[in-house]
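Worksheet: one structure, shown below.
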Amino acid sequence: MARWTPDARSRLAKAALALYIERGFEQTTVAEIAGRAGLTERTFFRHFADKREVLFGGSAVLEAGLVAAVAQVPDGSPLEMMVAALETAGSFFVDDRRAWAGQRQGVIEANTSLMERELIKLRALGGALTGALVRRGVPESAAALATQVGLVVFWQAFGRWCRADHPADWGATVRQVHAEVRAVVGAAPD
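In structure tokens form, the structure reads like this:
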């Protein structure tokens, strides 16, 4: 095997996801992932801390992007700022990632320990977003509440966006879910 190959991370991620779908997450080993990608286990561990991180490796990039977006969106209510920041994640949720995201979600939903990891990552994202709102001058209790509602919007939008038959782009999906949340709680339209 070559010592260095281009796009090793992507090859490993594709191989891992395919194996997780075929055999199940628990039944798949790092050696099998590396072998499927034509790479070594050592190369795998250069790119991922463990086989779970193949599925969650992008969460730090998403978090950093959303925190930066909260700092830059126009002033408004805490929830308006949160939703505006969520809309900016469209650069992360592009159509060429949709199939991967949908398959990834299927693997996660089939494994309790992965669902737990997903919730831990979501909780960490919430803490970071709350902190970003607080830095914008939002009182902590309002920031925490806006973040929790924002995470509901995010989670529902993500679930819809992952479906291959969903035609709308990320920003439109976020706006649609936000409008539905407002309707459910009886808030007047913006």
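Per my numbering, the sequence shown starts with residue 111, numbered consecutively. Backbone N, C-alpha and C define an ideal beta-carbon position, used for all residues, glycine too. Since the model is a prediction, treat every value here as computed from it, not as a measurement.
Using a Cβ-Cβ distance cut-off of 8 Å, the region 169 to 186 and the region 194 to 209 are in contact, since at least three pairs of beta carbons, one from each stretch, lie closer than that value.
Under the criterion of beta carbons closer than 8 Å, D279 and G200 qualify as touching, at roughly 6 Å. Listed in chain order, the non-local C-beta contacts of R227 below 7 Å within the same chain comprise R162, F166, local neighbours out to five positions each way being set aside. Judged by their CB atoms, T138 and L129 are nearer to each other than the 7 Å cut-off. Note that the region 179 to 189 touches the region 236 to 246; at least 3 beta-carbon pairs, one per stretch, sit closer than 8 Å. The Cβ atoms of A147 and L122 sit closer than 7 Å to each other.
Leaving aside the five residues that flank I131 on each side, the residues in its chain whose CB is nearer than 8 Å to its CB run, in chain order, Q213, G216, V217. From the listed residues G260, A242, H157, the smallest Cα separation to R119 is found for H157. R292 carries a helical assignment under DSSP once its states are collapsed to helix, strand and coil. Excluding its 5 nearest sequence neighbours in each direction, A253 has C-beta neighbours in its own chain below 7 Å: P188, T240, L243, V244, listed in chain order.
Considering only Q258, W210, E136, the residue with the shortest C-alpha distance to D160 is E136. Distance check between K124 and each of F155, V164, R152, L224 places V164 closest, using alpha-carbon atoms only.
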